[in-house]
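Let me begin by presenting the structure, written as structure tokens, before commenting on it.
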DNA sequence: TTTTTGTGATAGTATTACTATTGTGTGAGA
DNA sequence: TCTCACACAATAGTAATACTATCACAAAAA
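Chains as they are written, first to last, in UniProt numbering: chain S, 1 to 230; chain F, 1 to 230.
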């Protein structure tokens with residue numbers, strides 16, 4: 001049996017749906033590779049076109065500009081991750097176990113998903129770590145947000161916040177803790193590789209240490225026997 | 001008595017020291033204003049030159065490119081913040097109180113420091129929130145790190161990590177918790193204003209809520225009466 | 001069959017990110 | 001007092017970037 005996983009994306013993210021054509025899929029797969037190699041700043045549609053063997057104008061038929069393409073890729077990642085969270089927490093009753101699984105999904109290295117042939121998920125994961133926040137760190141955030149371009153991120157955040165509330169219905173900051181876990185799952189890995197003195201993970205470069213840190217952080221917040229501070 | 005606060009910056013950050021001339025100070029103050037207004041992506045040396053009333057080439061004599069200028073500004077901010085942390089935690093014995101003060105310094109709105117006439121600290125604070133991480137989220141991080149361009153950030157992180165260890169000498173992740181607090185002090189404020197559903201701070205837009213969240217986060221991690229998780 | 005659609009090919013423009021050169025006024029040192 | 005760096009202004013120029021527009025062709029849909 002051959003399975004295919006296709007994620008429905010917000011239509012405002014693109015001019016022409018890249019999932020619907022060979023060129024479109026090439027744009028996605030090659031842009032992921034190219035952004036990973038050169039970094040988002042040096043990435044241009046011209047280089048991408050040369051890489052694919054098409055023309056600049058060809059890319060512009062799919063995406064307004066490179067920032068929109070980044071948002072598309074990032075949104076795809078969050079949607080895919082939410083799907084994985086759903087699968088991996090399904091049929092688990094203990095919310096703490098759920099949360100631990102989620103943290104591992106966020107911070108640990110990814111294996112390639114064979115059902116999405118044109119996306120290399122492990123490279124994608126590295127892109128999100130290094131470039132992901134650039135999707136929303138712009139003057140256009142609010143406008144883009146009104147177009148629901150960040151819905152997949154917000155959905156994932158809400159989903160994890162629900163698990164957090166299952167762990168402790170009285171916890172006051174489920175969504176902030178959720179976004180903290182998500183962001184730190186990426187930032188701590190980035191720091192570990194590039195600015196290690198901002199972390200306690202030493203030269204081992206092991207994502208499991210980040211997982212441990214985040215589990216400790218989350219569980220300390222949610223399983224408090226101590227009295228409320230004041 | 002007139003006080004002046006001058007922060008000694010790493011010489012690799014600039015080609016000519018901007019603190020040493022009127023034009024240099026104008027470059028700093030106007031770039032802060034301009035980046036705040038237009039965002040770092042739209043910010044160019046040409047616009048800056050027009051704003052100041054000099055020429056592009058004039059700016060290039062001080063800074064190699066706009067990314068270096070951003071790193072300079074960000075580094076200045078971290079140095080200034082470390083100085084403030086030192087002042088505000090001086091002569092306080094209780095480490096928990098120290099940590100709370102630090103969190104407030106990080107997340108709360110800033111008042112203008114009259115001793116640095118050419119820097120508007122409140123606007124600077126907003127820039128760091130929105131653009132700060134772009135200083136290191138590049139392909140050149142490791143190279144820039146070798147030039148010690150991020151030393152002020154790492155120093156601040158280490159300083160807060162020390163306070164964390166004072167609170168609980170057995171805590172395993174002082175530096176990661178430190179960088180988490182620093183990053184989240186900014187990101188949660190950014191989210192509160194621009195992507196509020198990633199937070200629990202509602203429409204109030206009050207930095208004090210972020211402070212409360214971070215205090216809760218940190219103190220839960222450091223004052224554990226519960227058993228170690230497994 | 002006609003029409004639409006996706007693509008390739010080419011051209012062109014405004015802006016960006018620089019580099020290089022030249023001249024002028026100012027201030028420090030001889 | 002001379003002069004000699006110097007910081008700066010002014011101008012010019014280049015390669016790359018970020019687009020937009022037009023036309024032609026082939027395949028697929030109507």
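Here a beta-carbon is modelled for each residue, glycine too, at the ideal position from N, C-alpha and C.
All of these numbers come straight from a predicted model, not from anything done at the bench.
| Check | Outcome |
| --- | --- |
| Would you mind telling me which residues of chain S sit closer than 7 Å to residue 174 (chain F), beta carbon to beta carbon, in chain order? | 200 |
| Considering just the uninterrupted stretch of the alpha helix (DSSP H) at residue 169 (chain F), what are its terminal residues? | From DSSP, residue 169 (chain F) is part of no alpha helix (DSSP H); its letter is neither H nor E. |
| In three-state DSSP terms, what is residue 39 (chain S)? | coil |
| Buried or exposed for residue 189 (chain F), going by 16 or more other Cβ atoms inside 10 Å? | buried |
| Residues in its own chain within less than 8 Å of residue 120 (chain S) by CB, not counting five upstream and five downstream? | 29, 32, 33, 112 |
| Cα separation between residue 146 (chain F) and residue 209 (chain F)? | 37 Å |
| I'd like to know whether the C-beta of residue 44 (chain S) is nearer than 8 Å to at least one C-beta of chain F. | no |
| Apart from the five residues just before and just after residue 26 (chain F), which ones in its own chain have a Cβ nearer than 7 Å to its Cβ? | 52 |
| Would residue 51 (chain F) count as contacting chain S if we go by Cβ distances under 8 Å? | no |
| As a quick exercise: from S:24, S:154, S:92, pick the residue whose alpha carbon is nearest that of residue 180 (chain S). | S:154 |
| Can you give me the C-alpha to C-alpha distance between residue 87 (chain S) and residue 97 (chain S), rounded to a whole angstrom? | 14 Å |
| I need the straight-line Cα distance from residue 175 (chain F) to residue 212 (chain F), nearest angstrom please. | 20 Å |
| Do residue 71 (chain F) and residue 158 (chain F) have their C-beta atoms closer together than 8 Å? | no |
| Quick check on residue 180 (chain F): does DSSP put it in helix, strand or coil? | helix |
| Go ahead and label residue 8 (chain F) buried or exposed: buried means 16 or more other beta carbons lie within 10 angstroms of its beta carbon, across all protein chains shown. | exposed |
| With a Cβ-Cβ cutoff of 8 Å, do residue 156 (chain S) and residue 12 (chain S) count as a contact? | no |
| Could you check what DSSP says for residue 229 (chain F) in three-state terms: helix, strand or coil? | Annotation note: pLDDT 42 at residue 229 (chain F) (below 50); position unreliable, no value reported. |
| Answer with yes or no whether the minimum CB distance from residue 205 (chain F) to chain S is below 8 Å. | no |
| Is the beta carbon of residue 95 (chain S) sitting closer than 8 Å to the one on residue 207 (chain S)? | no |
| Using 8 Å as the limit for Cβ to Cβ distance, is residue 165 (chain S) near chain F? | no |
| Buried or exposed for residue 126 (chain S), please, with buried defined as at least 16 other CB atoms from any protein chain shown within 10 angstroms of its CB. | buried |
| For residue 188 (chain F), which residues in chain S fall below 7 Å Cβ to Cβ? | 176 |
| For residue 132 (chain S), which residues from the same chain have a beta carbon less than 6 Å from its beta carbon, with the 5 sequence-adjacent residues on both sides left out? | 74 |
| Nearest chain F C-beta to residue 217 (chain S) closer than 8 Å, yes or no? | yes |
| Check each candidate in F:38, F:37, F:63, F:42 and name the one with the smallest Cα separation from residue 23 (chain F). | F:63 |
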